[in-house]
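To start, the structure under review is shown below, and the notes come after it.
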Amino acid sequence: MPLKDPPPIKKVLGLLGPIYFKHRIRLLFGLIALLGVNFLQLIIPRILKKGIDALADGTANQNNLLELALLICFIGVIATLLRFSWRYLIIGFSRYLERDLRKKIFGHVMTMDGSFFSKYSTGSIMAHGSNDLAAVQMACGMGLVAAIDALVMSIAAIAFMANIHLRLTLLALLPMPILALATRYLSGQLHHRFDRVQGQFASMTEFARSSIASIRLLKAYTLETSQSKRFAHLGQKYVHSSIRVAIIQGLLFPIATLVGSFGMLLVLYFGGRLVILKTITMGDFVAFITYLYMLIWPIMAVGWVANLSQRGATSLRRIYLLLSVPSQLPPGITGHRPDSSLFHLHRLNFNYPESERRILKDITLDIPPGILGVTGPTGCGKTSLCQVLARVYPIADQSLFLGRTDINDLPPETVKSLISYVSQEALLFSSCLRDNIAFGNPDASMERIVAAATAAAVHDEIMALPHGYESMIGEKGVTLSGGQRGRVALARAILCDRPIIIIDDGLAAVDTSTEQEIIENITPWLKGKSVVWVSQRTKQLARTDRVLVLENGKISALGPYNEVVRENAFLAEISRRQELQGEGNNA
Numbered sequence: 001m002p003l004k005d006p007p008p009i010k011k012v013l014g015l016l017g018p019i020y021f022k023h024r025i026r027l028l029f030g031l032i033a034l035l036g037v038n039f040l041q042l043i044i045p046r047i048l049k050k051g052i053d054a055l056a057d058g059t060a061n062q063n064n065l066l067e068l069a070l071l072i073c074f075i076g077v078i079a080t081l082l083r084f085s086w087r088y089l090i091i092g093f094s095r096y097l098e099r100d101l102r103k104k105i106f107g108h109v110m111t112m113d114g115s116f117f118s119k120y121s122t123g124s125i126m127a128h129g130s131n132d133l134a135a136v137q138m139a140c141g142m143g144l145v146a147a148i149d150a151l152v153m154s155i156a157a158i159a160f161m162a163n164i165h166l167r168l169t170l171l172a173l174l175p176m177p178i179l180a181l182a183t184r185y186l187s188g189q190l191h192h193r194f195d196r197v198q199g200q201f202a203s204m205t206e207f208a209r210s211s212i213a214s215i216r217l218l219k220a221y222t223l224e225t226s227q228s229k230r231f232a233h234l235g236q237k238y239v240h241s242s243i244r245v246a247i248i249q250g251l252l253f254p255i256a257t258l259v260g261s262f263g264m265l266l267v268l269y270f271g272g273r274l275v276i277l278k279t280i281t282m283g284d285f286v287a288f289i290t291y292l293y294m295l296i297w298p299i300m301a302v303g304w305v306a307n308l309s310q311r312g313a314t315s316l317r318r319i320y321l322l323l324s325v326p327s328q329l330p331p332g333i334t335g336h337r338p339d340s341s342l343f344h345l346h347r348l349n350f351n352y353p354e355s356e357r358r359i360l361k362d363i364t365l366d367i368p369p370g371i372l373g374v375t376g377p378t379g380c381g382k383t384s385l386c387q388v389l390a391r392v393y394p395i396a397d398q399s400l401f402l403g404r405t406d407i408n409d410l411p412p413e414t415v416k417s418l419i420s421y422v423s424q425e426a427l428l429f430s431s432c433l434r435d436n437i438a439f440g441n442p443d444a445s446m447e448r449i450v451a452a453a454t455a456a457a458v459h460d461e462i463m464a465l466p467h468g469y470e471s472m473i474g475e476k477g478v479t480l481s482g483g484q485r486g487r488v489a490l491a492r493a494i495l496c497d498r499p500i501i502i503i504d505d506g507l508a509a510v511d512t513s514t515e516q517e518i519i520e521n522i523t524p525w526l527k528g529k530s531v532v533w534v535s536q537r538t539k540q541l542a543r544t545d546r547v548l549v550l551e552n553g554k555i556s557a558l559g560p561y562n563e564v565v566r567e568n569a570f571l572a573e574i575s576r577r578q579e580l581q582g583e584g585n586n587a
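When you line the sequence shown up against full-length UniProt numbering, it's residues 1 to 587, in that order.
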């Protein structure tokens, strides 16, 4: 999607300022080496002129020519060393810049709340951190080198040419305005077209990521062919847009080459006449031609630099827009900590940032140590309540407290350090089982890891794997069943040993016999903690200290399970159904 109301270029370039300053010494020496190469290249035509004029005058001898040849070879060796130096220093700088920007993007994403991820998909973020960064790296590496090289070489070459013959120099430069006009027009077209290409690349990346992550579902519904066609359609759009970019690029380079060649044609004709008329010497003519060849590269580089700079500027704007999205969570007061880890909700209301529909309505509730069971119909706000408590989304001031402290006065990382959160979708990493269980407590001993896995009733199944706790589980735990993923996530949560645990229907994929074992096993781990346990199973709810029933975003019942099941129609109905199915308390 093309950028609308792009940010000022000064703000965008502000992203690069600190990085350039940090590596200023490296850049300085790199530029010195680059200018040294240019200077040495400009000397060679003067040496050739001297030798050719000596040959034409008959004053040359073998020793003089050998000295000139050795001097050119020596200059070539020094230029080679300097050329390696500037490539190492400047191109190396561009890689450091790429690294620093990637760290900045990753660090920014890590601080974002749920509303950010509603706006930016995973594929889009990945595209910013790969394709866009590559374009910025090229612009700040080879683009910077080509721009400086072209500027210095063109000015110096023109100066040397003018020193030989001013009118011939003006003739050689006669076609240059054509290139300037063409570059200005085509660069503007390139900016918009490349922005569209980058947006479509992000869409392709997200589609591929989501398809691979859901590969089992696609195969279960035999949607492989359908998804392949959709991906091919996205690929076709990307190719079409890329070809439109290539058309512009394909025009820039030939125009630059044509302008340079036309200038060369003028020099050959009029310069040759000047040699015949003895206005300039043969050495002057050869030197002039050599300088003109040196000028052709900067002319051609104009198109390349325009291409790199437009791609880099477009990508840098996209990165700037990503980094300029603020977290909706208040930053809180640095160093401020709550006086206790007990939640207090006071007339809490909540709606998602992209929607005006109220999800939670006037919720007033205390969550002391003990297990609070939460249930209710589908869409009543159970998951939203968990996400609000876990600080995934922002809320209004004076509606949620930890102890007596407004949660908006606390840094988000302080609040999250007190909470273990098990979401509906068990989120696992493409690593071994041991690392996944110890993710929130990497210093935990193997004995504690095994104890947590045993409490979550997953230890025996882990040991049945070929490599036990060292078994790799694939992307998002794809090699595990849904129930196994949920139990690994539960083991991870209890191993963290934090004062607040939020379990959002974490045992939904577990069979009833295993569920009973887990409930009995983890009770000692939950002692003294504030636990919010969302479930639709009455066997789990009956084990809690209190049950909260949400209906239409409001509290419809709150109290001990035995009281609520008698008084609340919803809980009574699901209890009756589960008893009939043999899954209730009396089963």
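Every residue gets a Cβ at the ideal spot worked out from N, C-alpha and C, and that includes glycine.
How many angstroms separate the CA atom of Asp-406 from the CA atom of Ile-363? Sequence index remark: in the sequence shown, residue 406 carries index 406 (1-based). Sequence index remark: in the sequence shown, residue 363 carries index 363 (1-based). Going from the Cα of Asp-406 to the Cα of Ile-363 covers about 15 Å.
Between Val-302, Ala-569 and Ile-248, which lies nearest to Ala-257 when the distance is taken from Cα to Cα? Counting from 1 along the sequence shown, the entry for residue 257 is found at position 257. Reading off the sequence shown, one finds Thr at residue 257, where the question assumed Ala. Selected option, being the one with the closest Cα: Val-302.
Status (buried if at least 16 other CB within 10 Å, exposed otherwise) for Glu-475: Against the sequence shown, residue 475 aligns to sequence position 475. So Glu-475 counts as exposed.
contact_flag[the stretch 561-572, the stretch 391-400] where n(CB pairs < 8 Å) is 3 or more: no
Assign Ser-556 to one of three DSSP states: helix, strand, or coil. Taking the first residue of the sequence shown as position 1, residue 556 is located at position 556. Strand.
Would you give the residue range spanned by the alpha helix (DSSP H) that His-459 belongs to? Counted from its first residue, the sequence shown places residue 459 at position 459. From DSSP, the alpha helix (DSSP H) with His-459 extends over 459-463.
Taking the beta strand (DSSP E) that Val-534 falls in, what are its first and last residues? Counting from one through the sequence shown, the residue named residue 534 turns up at place 534. Where Val-534 is concerned, the enclosing beta strand (DSSP E) stretches over 530-534.
Round the Cβ separation of Glu-354 and Ser-118 to the nearest angstrom and send it over; I've been treating them as touching at under 8 Å. As a position in the sequence shown, residue 354 is number 354, starting the count at 1. As a position in the sequence shown, residue 118 is number 118, starting the count at 1. Right, the Cβ-Cβ distance comes to about 6 Å (below 8 Å), so this counts as a contact.
Inter-residue Cα distance where the pair is Leu-372 and Val-532: Counting from one through the sequence shown, the residue named residue 372 turns up at place 372. Counting from one through the sequence shown, the residue named residue 532 turns up at place 532. In a straight line, the C-alpha of Leu-372 is about 5 Å away from that of Val-532.
Can you tell me where the alpha helix (DSSP H) with Asn-349 in it begins and where it stops? As a position in the sequence shown, residue 349 is number 349, starting the count at 1. Run containing Asn-349: none in the alpha helix (DSSP H); it sits in the beta strand (DSSP E), 343-350.
Determine the contact status of Phe-262 and Pro-175, defining contact as a CB-CB distance below 8 Å. Numbered from 1 along the sequence shown, position 262 holds the residue referred to as residue 262. Numbered from 1 along the sequence shown, position 175 holds the residue referred to as residue 175. In this structure, Pro-175 lies closer than 8 Å to Phe-262 by Cβ.
Length of the line joining the Cα atoms of Ile-90 and Val-109: In the sequence shown, the residue the question calls residue 90 occupies position 90. In the sequence shown, the residue the question calls residue 109 occupies position 109. Taking the straight line from one Cα to the other gives about 29 Å.
Tell me the DSSP secondary structure of Met-472 in three-state form. One-based indexing of the sequence shown puts residue 472 at position 472. If DSSP states are grouped into helix, strand and coil, Met-472 belongs with the strands.
Can you check DSSP and say which residues form a bridge with Cys-380? As a position in the sequence shown, residue 380 is number 380, starting the count at 1. In DSSP, Cys-380 forms no bridge with anything.
Bridge partners - Thr-405, DSSP secondary structure assignment: Sequence index remark: in the sequence shown, residue 405 carries index 405 (1-based). Beta-bridge pairing links Thr-405 to Leu-402.
What is the rounded straight-line gap between the Cα of Arg-87 and the Cα of Asp-53? Your numbering for residue 87 matches position 87 in the sequence shown. Your numbering for residue 53 matches position 53 in the sequence shown. When rounded, the distance between both Cα atoms is 36 Å.
Do Lys-49 and Val-286 count as a contact pair if the criterion is CB distance below 8 Å? Sequence index remark: in the sequence shown, residue 286 carries index 286 (1-based). Sequence index remark: in the sequence shown, residue 49 carries index 49 (1-based). It is a contact, given that the beta carbons lie within the stated cut-off.
Hey, out of Gly-335, Tyr-352 and Ala-306, whose CA is closest to Gln-387's CA? As a first step, residue 387 is located in the sequence shown; it is residue number 387 there, counting from the start. Checked all of Gly-335, Tyr-352 and Ala-306; the closest Cα to Gln-387 is Tyr-352.
Closest Cα partner of Leu-151 within the set Met-294, Gly-477 and Ile-555: By one-based count along the sequence shown, residue 151 stands at place 151. Of Met-294, Gly-477 and Ile-555, the residue nearest in Cα terms is Met-294.
Local Cβ density within 10 Å of Cys-73, reported as buried at 16 or more and exposed below that: Here residue 73 refers to the residue found at position 73 of the sequence shown. Cys-73 comes out exposed.
Closest by CA to Ile-44, which one among Leu-15, His-165, Gly-283 and Arg-391? In the sequence shown, counting from the first residue as 1, residue 44 sits at position 44. Out of Leu-15, His-165, Gly-283 and Arg-391, Gly-283 has the C-alpha closest to the C-alpha of Ile-44.
Nearest neighbour of Leu-144, chosen from Arg-318, Phe-288, Ala-220 and Ser-94 [CA to CA]: Residue 144 sits at position 144 when you count from the first residue of the sequence shown. Among Arg-318, Phe-288, Ala-220 and Ser-94, the Cα nearest to that of Leu-144 belongs to Ser-94.
DSSP state of Gly-92 mapped onto helix, strand, coil: Translated into the one-based positions of the sequence shown, residue 92 becomes position 92. In this structure, Gly-92 counts as helix in the three-state DSSP scheme.
Inspect the beta-carbon positions of Ala-180 and Ala-127 and report whether they are closer than 8 Å. Residue 180 sits at position 180 when you count from the first residue of the sequence shown. Residue 127 sits at position 127 when you count from the first residue of the sequence shown. No, the pair does not count as a contact, with Cβ atoms beyond the cut-off.
Alpha carbon to alpha carbon, how far is Leu-365 from Arg-347? Give it in angstroms, no decimals. One-based indexing of the sequence shown puts residue 347 at position 347. One-based indexing of the sequence shown puts residue 365 at position 365. Rounded to the nearest angstrom, the two C-alpha atoms are 8 Å apart.
Measuring CB to CB, does Cys-380 end up less than 8 Å from Gly-553? Indexing the sequence shown from 1 puts residue 380 at position 380. Indexing the sequence shown from 1 puts residue 553 at position 553. Contact: yes.
Do residue 590 and Glu-461 have their C-beta atoms closer together than 8 Å? Past the edges of the chain, shown from 1 to 587, lies residue 590, and the structure says nothing about it.
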